[in-house]
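K.L.:
Sharing a structure, written as C-alpha cells. Questions coming.
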Amino acid sequence: MKDFFKFTLATVTGIILSSIVLFFIGIMVIFGIVSSSDTETVVKKNSVMMLDLNGILVERTQESLENVLSMLTGDNSNVYGLDDILASIKKAKENENIKGIYIQASALGSPYASLQAIRNALTDFKESGKFIVAYSDGYTQGLYYLSSVADKVILNPKGMIEWRGIASAPIFYKDLLQKVGIEMQIFKVGTYKSAVEPFIATEMSPANREQVTEFIGSIWGQVVSGVSDSRNISPDSLNAYADRMLMFYPAEESVKCGLADTLIYKNNVRDYLKQLANVDKDDRLPILGLDDMINVKKNVPKDKSGDIVAVYYASGEITDQSGSAASEDGIVGNKVIRDLRKLKDDKDVKAVVLRVNSPGGSAFASEQIWHAVKELKAEKPVIVSMGDYAASGGYYISCVADTIVAEPTTLTGSIGIFGMVPNVKELADKVGITYDVVKTNKFADFGNLMRPFNNDEKALMQMMITEGYDTFLTRCAEGRHMTKEAIGKIAEGRVWTGETAKKLGLVDELGGIDKALDIAVKKANLNGYTVVSYPEKKDFLSTLLDTKPTNYVESQLMKSKLGDYYKDFSLLKNLSERSMIQARVPFELNIK
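See the structure below:
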C-alpha cells in the first residue's frame with residue numbers, strides 16, 4: 001500500500017510538472033507567433049499582394065485568445081479587420097514594387113456595406129494602372145460582388161458562382177415560448193419597430209415586410225449596379241441570371257454569361273500572375289499576404305505638427321455597463337463616455353471621426369453617449385462614419401455629429417424604442433413553483449417575472465416608452481436641423497439604407513471612412529496631421545489576462561454544438577441581461 005501511494009504521488013506530481021512545462025512552452029510559442037507579426041516587411045520588386053478572403057470580417061483586428069488558438073491548431077477560421085484591409089490596399093497602390101492584387105475568394109462572413117467599402121478601395125487601386133486578378137473554387141454572392149471589380153475574374157473549371165438575389169429570413173419564437181409557458185409583455189412606439197415581432201408573432205407584419213422589401217431591394221440594386229458597371233452586363237440580364245440559379249449549371253455557363261472571364265485550376269493561377277508581374281516562369285513570385293502588408297511601412301512623410309485626427313471605433317451592441325454577455329466586444333456606455341471626454345480634453349486632437357457600427361441597444365446608454373458626443377462637438381469637429389449598421393441606438397449616438405457619412409448599403413434609421421419584459425408564471429406553474437409577496441407600497445414588486453403586469457404597470461411602462469421616443473425624436477430633429485414633425489414622418493422605427501437615408505436627410509454624404517476623414521480634416525483646417533485610432537488595441541497579454549476562461553470555454557462549446565443557430569441562442573440568452581428599454585434595430589438581421 002505504501003508503494004501504491006508513492007507511485008500515485010509521483011504520477012500526480014509528474015502530471016502537474018508536465019502541465020506547467022507545457023503551459024509555459026505554449027505561452028512562449030504564442031508570444032513567438034505574436035511578436036513575429038511585428039517585423040517590418042521588405043517589399044521585393046514585382047510583388048503581388050494576395051487578399052485571401054476566408055473567414056470573418058470585423059471593424060478592427062484585435063488580438064484574441066480564439067485567434068491565437070486557431071493559429072496553433074491550424075484552424076482556418078480567420079478574422080480580418082476592415083481597417084487593415086483598407087490600409088493594405090492603399091499601401092499596395094502607393095508602393096511601386098507591388099504590381100497588382102490577387103483576390104483569392106473563399107468565404108467571408110460580412111454584410112454588404114463592408115464589402116462595398118473594400119470594393120471601392122479596389123476600384124481606387126485600379127486607377128494606379130495596376131492589375132487585379134480574382135480566383136475562386138466557388139464565389140459566394142458577396143465575394144463575387146467584391147471580386148467583380150477585378151480585371152480578370154477566374155473560376156475553377158468545376159467551380160460555381162452564387163448569384164441568386166438577397167433574402168432576409170427572421171426566426172420567430174412565439175410558439176416555442178408559448179409551449180414552455182413564457183409570455184413576452186411588449187411596449188413600443190413605431191409602426192415599423194418590429195424588434196419584438198419574433199417573440200409575439202409567427203410571421204412578419206405587413207409594415208415590417210414593407211420595410212424589409214424596401215431595404216433589401218435597395219441593397220440588391222447597389223450590388224447589381226456595381227457588377228453591371230464592372231462586367232458590362234445589363235441589370236436586366238443580371239436579374240435573369242439570378243432567377244436561373246447559374247450556380248447549378250456547369251462553370252462554362254458563367255463564362256458564357258460574362259460573369260467570369262476564364263476557367264483555370266488554382267495551381268495554374270500563379271503562372272498567369274507571373275506573366276502580369278513580369279516575373280520569369282521559373283522564378284518565385286513574391287506574394288505578400290495581409291499579415292505582410294500590415295507591416296509594410298507607409299510611404300507617408302512624418303508629420304511634425306503634432307495635430308491628431310482621432311478615429312474612435314464604436315462597434316457592437318450598446319449596453320449600460322460591462323460584465324454582461326451582451327456587452328462582450330460591444331459599446332459599453334460608461335467606457336465610451338470616458339474615452340470621448342479624454343478626446344475632448346486632448347489639445348492635440350483637432351477632430352474626431354466616430355466610426356459607428358451598431359444595431360443599437362440600451363436607450364439609456366444611447367442618451368448618455370449622445371450627450372458625450374454633443375460635448376465633444378462643442379470643442380472640435382465630429383464626423384460620423386457609419387459601417388454596416390448605425391440603426392436605432394446606433395443612429396441616436398450619431399445624429400448630433402457635424403456630418404454623417406454612410407455607405408449606400410449601410411442600414412440606419414430605425415428611430416424608435418421598445419420595452420420587453422417576460423412573464424414566466426405559466427412556466428412556474430408547470431414545474432411546480434409558486435409565488436407570494438409582502439410589500440409596503442403598491443409598486444414595490446414591480447417587474448417581478450412571476451406574474452403579469454397589471455393595468456397600472458402597463459400604463460407606466462407605455463408612458464416611459466412614449467417619453468423616450470419623444471426624446472429620441474427631439475435629439476434627431478436638433479442634430480439634423482429638422483422639425484420633429486419631419487423626423488416623425490421618417491421615424492416610426494423604420495430601417496433605411498444609407499442610399500435612401502441621404503435622400504431623407506438622415507445622412508449627409510455617401511462614402512467610407514476615408515471620406516469622413518477628408519471632411520474632418522477640412523473642418524479642422526489642418527495641413528499636417530496624424531490619424532490615430534481609439535480605443536487603443538489590446539496586446540495579446542492584456543487580452544489573455546482579461547479573458548475569463550469559463551466564459552470562453554462555454555461560448556466555444558455552444559458555438560461548436562449550435563453552429564449557425566448560435567446567434568439565435570445568444571439573442572435569447574442576452575434578453576435577461578439587457579436593460580428593460582431598448583433602442584435597437586428591428587431584429588437580428590440575417591441577409592443572404
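Just so we're aligned: 246 in my numbering is position 246 of the sequence shown, and the numbers increase by one with no gaps anywhere.
Ideal Cβ placement from N, Cα and C applies to all residues, glycine included.
Note that the coordinates shown come from a computational prediction; the quantities given were computed from them, not determined experimentally.
Identify, in the order they occur along the chain, each residue of the same chain with its Cβ nearer than 8 Å to the Cβ of Val269, setting aside the five sequence neighbours on each side.
P.N.:
Tyr102, Val133, Tyr135 and Ile154
K.L.:
When the Cα of Gly226 is compared with those of Ile182, Leu122 and Val531, which residue comes out closest?
P.N.:
Considering only alpha carbons, the answer is Leu122.
K.L.:
Is DSSP giving Glu509 helix, strand or coil here?
P.N.:
In the three-state reduction of the DSSP assignment, Glu509 falls in the strand class, which pools E and B.
K.L.:
Any idea if Ser234 is buried or exposed, counting beta-carbon neighbours within 10 angstroms, 16 or more meaning buried?
P.N.:
Taking a 10 Å sphere around the C-beta of Ser234, we find fewer than 16 other C-beta atoms and assign the residue as exposed.
K.L.:
Can you name the start and end residues of the alpha helix (DSSP H) that Ala459 belongs to?
P.N.:
Asn455 to Arg480
K.L.:
Quick check on Val431: buried or exposed, where buried means 16 or more other Cβ atoms within 10 Å of its Cβ?
P.N.:
Val431 comes out exposed.
K.L.:
Out of curiosity, what's the CA-to-CA distance linking Leu263 and Gln185?
P.N.:
Going by the C-alpha atoms only, they are around 57 Å apart.
K.L.:
Tell me the DSSP secondary structure of Thr550 in three-state form.
P.N.:
Low local confidence applies: a pLDDT of 49 at Thr550 is under 50, so the model's placement there is unreliable, and no value is given.
K.L.:
I need the DSSP call for Tyr172, collapsed to helix, strand or coil.
P.N.:
Correcting the residue type first, residue 172 is Phe in the shown sequence and not Tyr. In the structure shown, Phe172 sits in coil (DSSP, three-state: anything other than H, G, I, E or B).
K.L.:
Please state if the CB of Ile404 and the CB of Gly360 are separated by a distance shorter than 8 Å.
P.N.:
no
K.L.:
Straight-line CA distance for Lys298 to Lys91?
P.N.:
6 Å
K.L.:
Please determine if the segment 277 to 284 and the segment 193 to 202 are in contact, where contact requires at least 3 C-beta pairs separated by less than 8 Å.
P.N.:
Using a C-beta cut-off of 8 Å, the segment 277 to 284 makes no contact with the segment 193 to 202, since fewer than three inter-stretch Cβ pairs fall below that distance.
K.L.:
Please state whether DSSP places Glu183 in a helix, a strand or coil.
P.N.:
Looking at Glu183 - three-state DSSP - the assignment turns out to be strand.
K.L.:
Kindly indicate which three-state DSSP category Val58 falls into: helix, strand or coil?
P.N.:
strand
K.L.:
Excluding sequence positions up to five away, which residues of its chain have a Cβ less than 8 Å from the Cβ of Thr480?
P.N.:
The sequence shown places Arg at residue 480, not Thr. Result list for Arg480: Cys399, Ile487, Gly505 and Leu506, in chain order.
K.L.:
In three-state DSSP terms, what is Ile519?
P.N.:
Taken through DSSP and simplified to helix, strand or coil, Ile519 comes out as helix.
K.L.:
Within the same chain, show all residues whose beta-carbon is closer than 8 Å to that of Lys44, passing over the 5 residues directly before and after it, in chain order.
P.N.:
Asn97 and Pro286
K.L.:
Pull up the CB-CB distance for Glu203 and Phe172, whole angstroms please, since I reckon it's below 8 Å.
P.N.:
7 Å
K.L.:
Can you tell me which of Gly493, Leu517 and Asp456 puts its alpha carbon nearest to the alpha carbon of Thr191?
P.N.:
Gly493
K.L.:
Give me, in chain order, the residues of the same chain whose beta-carbon lies closer than 8 Å to that of Ile56; leave out the 5 immediate sequence neighbours on both sides.
P.N.:
Ser77, Asn78, Val79, Tyr80, Leu108, Gly109 and Ser110
K.L.:
From the DSSP output, in three-state form, read off Ser35 for me.
P.N.:
For Ser35, the predicted model reports a pLDDT of 47, less than 50, meaning its position is unreliable; a value from the coordinates is still stated below. Helix.
K.L.:
Where in the segment 220 to 267 do unbroken runs of the alpha helix (DSSP H), each at least 4 residues long, occur, reported from the N-terminal end onward?
P.N.:
235 to 244 and 251 to 256
K.L.:
Within its chain, find whatever has a CB closer than 7 Å to the CB of Asn208; leave out the 5 residues flanking it on each side and keep chain order.
P.N.:
Closer than 7 Å at Cβ, skipping near neighbours: Tyr192, Ser194, Glu197 and Pro586.
K.L.:
Return the CA-CA distance between Gln321 and Thr483, expressed in angstroms with no decimal places.
P.N.:
Across the structure, Gln321 and Thr483 are spaced so that their CA atoms are roughly 33 Å apart.
K.L.:
Between Leu86 and Ala105, which are expected to be in contact by the criterion C-beta below 8 Å, what is the C-beta distance as a whole number of angstroms?
P.N.:
Their Cβ separation, rounded to whole angstroms, is 17 Å, which puts Leu86 and Ala105 out of contact at 8 Å.
K.L.:
Which residues in the same chain as Asn448 place their Cβ atom closer than 6 Å to its Cβ, once the five residues preceding and following it in sequence are excluded?
P.N.:
none
K.L.:
Are Asp175 and Asn156 close, meaning C-beta to C-beta below 8 Å?
P.N.:
no
K.L.:
Based on the DSSP secondary-structure assignment, which residues constitute the bridge partners of Gln104?
P.N.:
Asp52 and Tyr135
K.L.:
Tell me the DSSP secondary structure of Lys90 in three-state form.
P.N.:
helix
K.L.:
To the nearest angstrom, how far is it from the Cα of Lys523 to the Cα of Ile513?
P.N.:
15 Å
K.L.:
Could you tell me the alpha carbon to alpha carbon distance between Ala326 and Val336, rounded to whole angstroms?
P.N.:
Confidence in Ala326 is poor, its pLDDT being 39 and thus under 50, which makes the residue's placement unreliable; the coordinate value appears in the next sentence. In a straight line, the C-alpha of Ala326 is about 16 Å away from that of Val336.
K.L.:
Using C-beta distances below 7 Å, list every residue in its chain close to Phe5, excluding the 5 sequence neighbours before and after it, in chain order.
P.N.:
Confidence in Phe5 is poor, its pLDDT being 49 and thus under 50, which makes the residue's placement unreliable; the coordinate value appears in the next sentence. Same-chain partners within the cutoff: there are none.
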